[in-house]
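In this note's numbering, the protein residues as written are 1 to 347. Positions of the beta carbon are idealized from the N, C-alpha and C atoms, including for glycine. Remember, predicted model here, so these are calculated numbers, not experimental data.
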Amino acid sequence: MKRIVLAALASCLAAASAMAAEPTYLDDRSDAASLIKSLYNAVNRQEYSRAWDYFGDTKPAKDYEAFVKGYENTEEVQVVTGEASAEGAAGSTYFSIPAAVLARKKDGSEAVFAGCYTARLVNPQLQEQTFTGLRIEKGDLKPSDKPLEEALPASCGDGPTPAPKDAVLEEARNAFAATHSKQCTSLAPGQPDDAIKPEEHTISFHPAGSAESDPEQKARLFRFFCLAGAYNEIHVYYLADETNGVRELHFATPELDIHYEGGNSEGKVEAINVIGYRSENQLINSSYDEATKTIMSNGKWRGVGDASSNGTWLFRNGDFTLVQYDVDASYDGEINPESVVDYNTAP
């Protein structure tokens, strides 16, 4: 069983490496922020001619060759943008876009730059046979000693002041990005902004040792999508409350020793033994049930789902506890799991 689950995870991680190697093509000139993201998408894909073309008459280097050479030591670039402001002048609309950029070099070193881009769109109704779309006029970015998200300017020009950030959510997002960037395709360069938008739930509870008459506390549960393989999705969870702050959840999971008749994994299951417990920080095909306050997982060992491992973790006293673990170790075309851990059923 362990080999099968690891094989499924390896397949997912292989997909992650492929996506990280070549971000999804993005060429969106419909608004100023998308234009800047398209620029860095082109850089990450090493499509420098496309990146060069996003600039108007004023180019960022003396010539195209110098522009390309400027990226010769760059491994990848990440960009975040803020809300753009717009101003009309002399038949054109000018946009000011806050931006922060993290550049990772081939030697592993990183640098963050932040500032503003200016883009220009000549009124399409005034243009004649040759049309020129939205182009970058200039970029004014300077080195920053802050992390990428924190380095992003609040606004540029007369841009609107952004809504207050959700500090807890931002902390969870940053922790997820810092810990899982090498494993999760949702964190690969070039992914859309909502790729790491988590599913969120609020849980009311009484901490251990408190009385029922004491005020309830609230915890926020975040489920981040990590990656998907042929038939399994992997998620990562964070929990936040006033006592412990934001923390990544790790789930107690039985380590199994499975015996098949004649040593043939396609044959009859003779015994399933629990020989210990591991701590897992990723769950397969998982979901949270608000009615029962449980997280449940369903790790398929193959696509038809006739062999699998299924866990149930119950939220109580401010944390999640393993209460049931079912295993279907037979590849017989039927779904017939048996419980190897059960604190969830009355005797």
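Euclidean distance between Cα positions of residue i and residue j
i	j	result
E170	T292	27 Å
I97	A84	4 Å
S339	S287	19 Å
K218	D328	36 Å
L148	L221	24 Å
Y237	R223	5 Å
P337	Q324	12 Å
L230	S186	The residue asked about is misnamed: residue 230 is Ala in this sequence, not Leu. In a straight line, the C-alpha of A230 is about 16 Å away from that of S186.
P143	Y71	16 Å
A7	I258	Low local confidence applies: a pLDDT of 47 at A7 is under 50, so the model's placement there is unreliable, and no value is given.
F251	W313	8 Å
P207	L239	14 Å
A16	N298	Because the pLDDT at A16 is just 41, under 50, the model does not fix this residue reliably, and the point stays unresolved.
F228	G82	The amino acid occupying residue 228 in the given sequence is Ala; Phe does not appear at that position. Approximately 29 Å between the Cα atoms of the pair.
Y48	D145	27 Å
L35	K182	27 Å
E65	W52	10 Å
G157	H201	37 Å
T132	Q125	11 Å
P60	I136	10 Å
P189	G56	25 Å
M19	L26	Bear in mind that the predicted position of M19 carries a pLDDT of just 39, short of 50, making it unreliable; the figure below should be weighed with that in mind. Answer to the nearest angstrom: the Cα atoms are 14 Å apart.
E152	E216	Looking at the sequence shown, residue 152 is not Glu but Leu. Taking the straight line from one Cα to the other gives about 36 Å.
D107	G209	51 Å
K268	S330	7 Å
K2	L256	The predicted position of K2 is uncertain, since its pLDDT is 45 and thus under 50; a value taken from the coordinates is nonetheless stated next. Taking the straight line from one Cα to the other gives about 8 Å.
D332	E266	8 Å
F320	R104	37 Å
A195	C184	11 Å
V246	D214	23 Å
A100	E87	22 Å
T130	F113	35 Å
Q191	Q46	16 Å
A42	D289	41 Å
K300	V77	35 Å
T118	L134	11 Å
Among the options, nearest to residue i - alpha-carbon criterion
i	options	result
S109	A211, S330, A66 and E75	E75
R278	A61, I196 and G311	G311
E150	V79, A252 and L256	V79
D193	A167, V269 and F225	F225
G91	I295, Q127 and N73	Q127
D326	N344, D214, G333 and D319	N344
G305	R316, T294, G318 and I284	I284
N281	A307, D63, H180 and G190	H180
V341	A119, E47, I272 and N44	I272
E199	I335, D63 and R173	R173
F95	Y64, D63 and R29	R29
D31	S265, Y25 and Y54	Y54
R302	T321, E334, S210 and G262	E334
A89	V269, G262, L121 and S155	L121
V168	R135, E242 and G115	E242
N232	L141, S308, G263 and A86	S308
I275	G267, T253, Q46 and E261	T253
D166	K197, D140, A178 and Y40	K197
E248	A178, E261 and A211	A178
L39	M296, G263 and G139	G139
T294	C116, Y260 and I203	I203
C116	V68, L141, M296 and N317	L141
Sheet register partners of residue i (DSSP bridge)
i	result
L249	In DSSP, L249 forms no bridge with anything.
L227	I234
L102	Q78 and V112
P254	Y277
S85	S96
A195	For A195, which the question treats as bridged, DSSP gives no partner whatsoever.
R120	Y94 and R135
D342	Q324
S38	None, per the DSSP bridge assignment.
K218	S204
L283	H235
T294	D289 and L314
Y331	Answer is none; Y331 lacks a bridge partner.
A240	R220 and V246
V269	Y260
Endpoints, the beta strand (DSSP E) within which residue i is located
i	result
D313	For the sequence presented, residue 313 should be read as Trp rather than Asp. S308 to R316 is the span of the beta strand (DSSP E), which, as asked, contains W313.
K138	R135 to S144
Y325	D319 to D328
F67	Unbroken run through F67 is the alpha helix (DSSP H), Y64 to K69; no beta strand (DSSP E).
S287	S287 to D289
Residue range of the unbroken alpha helix (DSSP H) whose run includes residue i
i	result
V349	Residue 349 is absent from the structure shown; the chain starts at 1 and stops at 347.
H180	A167 to H180
E150	L148 to A151
D53	Y48 to D53
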